[in-house]
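Worksheet: the structure to be examined is printed underneath.
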Amino acid sequence: MKSPSLDVVRGTLDILILKTLSRGRLHGYAISSVIRQQTEEALLVEEGALYPALYRMEAKGWLQAEWGVSENNRRAKYYQLSREGRLRLRAEVKTWEAYTAAVAKVLNATRLPLPQEP
Amino acid sequence: MSRILLWRRYLRMFGPDIEADVEEELQFHLDAKVDELIAAGWKLESARAEARRHFGDLARVSETCQHIGKRRERSMEHAEYLRGWWQDFTYAARQLRHRWGTTLLVVLTLGMGIGAVVSVFSMVDAVLLRPLPFPSPDRIVTIWSTRQGRDDVVTPRNFDTWRRESRSFDRLAALQRSTFTLSQAGAATQAAGGLVSADYFSVFGLSPELGRTFTVEEDRRPRAHLVILSHRLWRTRFGGDKQILGSQIRLNREPYTVIGIMPPKFDLRADAEQLWVPLALSGQEMSWTGGILYVVGRLRPQITREQAQAGMSVLARSLEAQYPEMNRGRGIRVGDFAADLVGEYRQRLLLLLGAVGFVLLIACANVANLLLARGAGRAQELAVRAALGASRVRIIRQLLTESLFLALSSTAFGLVATMWVTSVVRSVGVGAIPRLTDASVNGFVLGGALGLALVSTLLSGLLPAVRAAHVDIQSVLRQGGRSSPGFVRDSVRSSYIAAEVALTLVLLAGAGLLIRTAIAAERVQPGFSPQHVVTGRTALPLNTYTTAEQVVRTYEQLLEALANRPGVVSAALTSKVPLGTSTVGLALKPGTVTPPMKEELAAELRYISSGYFTTMQIPLRRGREFNEHDRSSSTQVAIVNEILAHRLWPAQNPVGQQLRLPELDTGNATWQVVGVVADVRDNGLMNEPPPALYVPLAQVSINPWHWVEQSLYLVARTRTDTMAVSDPLQAALRTVDPELPLGDLRLMEERLAQSVSIARFYTLLLTILGMCGLVLTAAGIYSVVAYFVSRQRGEIGLRLALGATPSAVLLLVIRQGMRPVAIGIVLGLTASVAVARLLASQLYGVTAADPATLAAVATVLAAVAALACYLPARQAVKVDPLVALRDE
Chain A
998 MKSPSLDVVR
1008 GTLDILILKT
1018 LSRGRLHGYA
1028 ISSVIRQQTE
1038 EALLVEEGAL
1048 YPALYRMEAK
1058 GWLQAEWGVS
1068 ENNRRAKYYQ
1078 LSREGRLRLR
1088 AEVKTWEAYT
1098 AAVAKVLNAT
1108 RLPLPQEP
Chain X
544 MSRILLWRRY
554 LRMFGPDIEA
564 DVEEELQFHL
574 DAKVDELIAA
584 GWKLESARAE
594 ARRHFGDLAR
604 VSETCQHIGK
614 RRERSMEHAE
624 YLRGWWQDFT
634 YAARQLRHRW
644 GTTLLVVLTL
654 GMGIGAVVSV
664 FSMVDAVLLR
674 PLPFPSPDRI
684 VTIWSTRQGR
694 DDVVTPRNFD
704 TWRRESRSFD
714 RLAALQRSTF
724 TLSQAGAATQ
734 AAGGLVSADY
744 FSVFGLSPEL
754 GRTFTVEEDR
764 RPRAHLVILS
774 HRLWRTRFGG
784 DKQILGSQIR
794 LNREPYTVIG
804 IMPPKFDLRA
814 DAEQLWVPLA
824 LSGQEMSWTG
834 GILYVVGRLR
844 PQITREQAQA
854 GMSVLARSLE
864 AQYPEMNRGR
874 GIRVGDFAAD
884 LVGEYRQRLL
894 LLLGAVGFVL
904 LIACANVANL
914 LLARGAGRAQ
924 ELAVRAALGA
934 SRVRIIRQLL
944 TESLFLALSS
954 TAFGLVATMW
964 VTSVVRSVGV
974 GAIPRLTDAS
984 VNGFVLGGAL
994 GLALVSTLLS
1004 GLLPAVRAAH
1014 VDIQSVLRQG
1024 GRSSPGFVRD
1034 SVRSSYIAAE
1044 VALTLVLLAG
1054 AGLLIRTAIA
1064 AERVQPGFSP
1074 QHVVTGRTAL
1084 PLNTYTTAEQ
1094 VVRTYEQLLE
1104 ALANRPGVVS
1114 AALTSKVPLG
1124 TSTVGLALKP
1134 GTVTPPMKEE
1144 LAAELRYISS
1154 GYFTTMQIPL
1164 RRGREFNEHD
1174 RSSSTQVAIV
1184 NEILAHRLWP
1194 AQNPVGQQLR
1204 LPELDTGNAT
1214 WQVVGVVADV
1224 RDNGLMNEPP
1234 PALYVPLAQV
1244 SINPWHWVEQ
1254 SLYLVARTRT
1264 DTMAVSDPLQ
1274 AALRTVDPEL
1284 PLGDLRLMEE
1294 RLAQSVSIAR
1304 FYTLLLTILG
1314 MCGLVLTAAG
1324 IYSVVAYFVS
1334 RQRGEIGLRL
1344 ALGATPSAVL
1354 LLVIRQGMRP
1364 VAIGIVLGLT
1374 ASVAVARLLA
1384 SQLYGVTAAD
1394 PATLAAVATV
1404 LAAVAALACY
1414 LPARQAVKVD
1424 PLVALRDE
């Protein structure tokens, strides 16, 4: 890992997974790869957090899991969004947008310089 | 729906092995990472190490995932299980709605059965199971002085000795039942009451609702004029006015100060005591040899009733040595207060519970047969389900759910019936049975009802369900669910019928024996003629009428006034009327002068006026009646009844014999027998007449007058009973002393009816239950035979086509139907002999194993069964051979 990455902030992992799966079914490794690529390696999803999160969301009924065959002909567990998962994603996105907008307002109002990346 | 299917697919492919799944998934991740690294130019070994390092704590992640996965698995199984039940339930509801006719029939049948059982159970709960509303009620005992195994009231001397010398009781208290004249606003009424020792109430662990109870000082002579009222009397007579506390009321014409009101829970029975005054035993009463006291006690902690009994038995022997004249041959019994309170009703209630239980069993058998028939009709549906992969257990569960559904609906129906019954019981108030009015549908009864629903589900549904699930799929699907030989000679159905018949026979036998008893009681000669005889009790206050002469003179005036009333044919006085509820009855031991008695004999003593036997129409067998020449100054005379005469002088003429009555007069005086009268069934029609001794009231001294509280019954035979019952008695009392009370006023005919009313009601109940059983059984036999016939149409058609006569076919079907009936009758007869023994104590004039009764009910049952077979059998004969064979 040459470029430094941010650890995924607690609580945003769910929304990232849901969003990633909204385009189709993926296995765990693919999920972490997609997130890494899409954020241009800015966000690093730790496996130690990813799998428990997948299991948790499956238990909640947001995800449906199914075993299938991967690109290289291996048995892999694929995840996809359930109907509840889709609803959940929509709600989470709304919350996230409201949250970031609010934070942005605060930051703008105080006219403080934006924090520099280390 | 799609989610379930998806999950099922997942389950079926991989099974519930979460651990392996997690391991595999993570391994896939690592391998993919290694592949990626190798593609980026890493060496295999270092790529593997880097992948592991990058992943972090593999074991912990794996464990977390497994944990979440397993929990999910469990909750899904749970949900699946519940969903299965819900499916069964909605399916059952649909099925039952679809066949609403059968459903209604089943719910009515089972509902009646369950309702009957729950109704009786709620009474059993109120009367027998629920503990008395006192602190540690199991410590409360009753203590009786026994003679020849029968409980008897206790002499003051014995009570006093028990209280001082026994070590088994915290407290020992006594009650002397008495009737008080309560005067209010010029009108005098009588009220049941008691004279009680100071710690009577604390034996029950009760403190008064208002005020206080008696102190030890108040329990001494001279008797303090203090009174404690029952809650009921306070409410009904004094309007629940709290001001009554400390004020005075008039009892037996004297002012008594009200010092306390007892709480409502002390009103255990409708006929219980309504007021209490101090007992304050006098020295004179201590020497009485006749018992007057009911003794209750509270056991010491750690002392069992058996230990107390052992101690009292020892005491009984030492008392016999110390006071032989009052204790010869006597024992002591320590009884459970609650059990003694309920008495014989316990057995009656339990027998009734057994009887309704039988009806429920019969109903269950009927429902089982219905379900069996329906199960057979549904063979195809079930076979299809089985073919589609439903397991046997699953099908049984499905069918049992239907049964449970039925049982629950029936229980709901039964509970409605129970509430109706208990509200009727509450409003009618069967007074004699303690706490019956407390019967209600409470949590305990509800629990019992639900338990009953489960039991009847299993009883009626399990076997049909198991059999339906064991259907041979192939043959059923091939035959399209039509007759298969397995259903023709169906042993299960037959055994249900046999069981129903046996149960019904037992019920009918019980009812039959009770009916025979009622008939026998009807035929019993009471020993007197009750028509047009009015009776009522009065009492002369002890403070106004202090000498025997005064008492006798007043009563003679009363008798004269009564005899002279218009409409009165003849009149008399007696200390106890036959079948009276009065507790004034005395036992005594007549000592004969010649020949000397070997053993003691108890006899009931009555003081009567002249004309008593004429008025009651009690036949005089020998000698003469009392007349106006039998005065206190003349020879003391007595009349005995036939039983007593036979016991005392089996081979001699009783008239002219001499009697010594040590309890009646302290001296060595003798009483001369001047007459013998016929026996009277004094203690109920179904009880043998007791030995009785009559003395003229003119010769009774003041002490024996006190025993009966100077009270006597006025007896008048009138020309008709159209006139108001109380008129002649009331009028006679007014002419002598307007303040004299009149209580226990009743026609003798009413007393006669009352004495058998409970037994008769009980007989009626059992007869109704027997009839319910009979109807249910007949319906069961009918439906089974009809089912056989419908299933055997082909066979019957074949027989007819081959030349069998219709009557031969008829006989064949009836014989087939009657076989289980015959088996049931044999079983039922055997069971009846055993069960009837439990009834023995309630039978009169018929033995428990009475062959005539058993033969009669067996015949009735067989006849009804034959009819139930005949009706569907006639349908069999009408089968058109051609149509039947074509259908096959």
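Heads up: the sequence lines are chains A and X, in that order. In the numbering used here, each residue's number is its place in the first sequence (first place is 1) plus 997. In the numbering used here, each residue's number is its place in the second sequence (first place is 1) plus 543. Using N, Cα and C, we set each Cβ at its ideal position, and we do this for glycine too. Note that the coordinates shown come from a computational prediction; the quantities given were computed from them, not determined experimentally.
Contact with chain X is absent for Tyr1075/A, since none of that chain's Cβ atoms lies less than 7 Å from the residue's Cβ. Annotation: the segment 757-788 of chain X contains the following complete segments of the alpha helix (DSSP H) (minimum length 4 residues), in chain order: 774-781. According to the DSSP assignment, Arg1108/X belongs to no alpha helix (DSSP H), since it is labelled neither H nor E. According to the DSSP secondary-structure assignment, Arg755/X is paired through a beta bridge with no residue.
Around Val604/X, the beta-carbon contacts reaching into chain A at under 8 Å are Glu1044, Gly1045, Tyr1048 and Pro1049. Counting along the chain, the unbroken beta strand (DSSP E) around Val838/X starts and ends at Tyr837 to Leu842. Taking the Cβ atoms as the reference, Thr1310/X lies roughly 4 Å from Ala1054/X, within the contact range of under 8 Å.
The beta carbons of Thr685/X and Phe880/X sit about 5 Å from each other, so the pair counts as a contact at 8 Å. Interface with chain X (7 Å Cβ-Cβ cutoff): Tyr1052/A is included.
Ala1419/X and Arg1342/X have their alpha carbons spaced roughly 11 Å apart. Short of 7 Å from the beta carbon of Trp585/X, and not among the five residues preceding or following it, lie these beta carbons of its own chain, in chain order: Glu593.
For Phe664/X, the enclosing alpha helix (DSSP H) has its first and last residue at Trp643 to Val667.
A straight-line Cα-Cα distance of about 12 Å links Met962/X and Phe664/X. Listed in chain order, the alpha helix (DSSP H) elements of length 4 or more contained wholly in the segment 1203-1253 of chain X are 1245-1250.
For Ser726/X, there is no enclosing alpha helix (DSSP H); the residue is found in the beta strand (DSSP E) stretching over Phe712 to Gln727. By the neighbour-count criterion, in which a residue is buried when 16 or more other Cβ atoms sit within 10 angstroms of its Cβ, Lys576/X is buried. The beta carbon of Glu620/X sits no closer than 7 Å to any beta carbon of chain A. Beta-bridge partners of Glu797/X (DSSP): Leu794/X.
Taking CB atoms only, Tyr1026/A has a neighbour in chain X less than 7 Å away. Arg714/X places its beta carbon 7 Å or farther from that of Leu842/X. The CB of Ile611/X comes closer than 7 Å to the CB of Pro1049, Tyr1052, Arg1053 and Ala1056 in chain A, given here in chain order. Per the C-alpha coordinates, the member of Gln827/X, Val902/X and Leu1354/X positioned closest to Gly656/X is Val902/X.
Between the segment 923-932 of chain X and the segment 986-998 of chain X there are fewer than three inter-stretch CB-CB distances shorter than 8 Å, so the stretches are not counted as touching. For the options Arg1080/A, Lys1074/A, Gln1061/A and Leu1018/A, the alpha carbon positioned closest to that of Gln1035/A is the one of Leu1018/A. For the pair Asn701/X and Val1251/X, the Cα-to-Cα distance works out to about 20 Å.
Judged by pairs of C-beta atoms under 8 Å, the segment 1050-1062 of chain A touches the segment 1074-1085 of chain A, as three or more such pairs exist.
DSSP places Gln1335/X in the coil class of the three-state scheme, outside both helix and strand.
Nearest Cα to Ala669/X within the set Val1389/X, Ala583/X and Leu892/X: Leu892/X. Between Ile1161/X and the set Ala1221/X, Val746/X, Thr1117/X and Phe632/X, the nearest pair of CA atoms involves Ala1221/X. Residue contact check for Gly599/X against chain A: a CB pair falls below 7 Å.
Across the structure, Ala1045/X and Arg1294/X are spaced so that their CA atoms are roughly 39 Å apart. The beta-carbon of His641/X is placed no less than 7 Å from the nearest beta-carbon of chain A. Using a Cβ-Cβ cut-off of 8 Å, Arg1083/A is close to nothing in chain X; its nearest Cβ partner there is about 13 Å away. For Gly918/X, the enclosing alpha helix (DSSP H) has its first and last residue at Tyr888 to Gly920. Ile686/X: member of the beta strand (DSSP E) spanning Ile683 to Arg690, first to last residue. As a beta-bridge residue in DSSP terms, Ala735/X pairs with Thr722/X.
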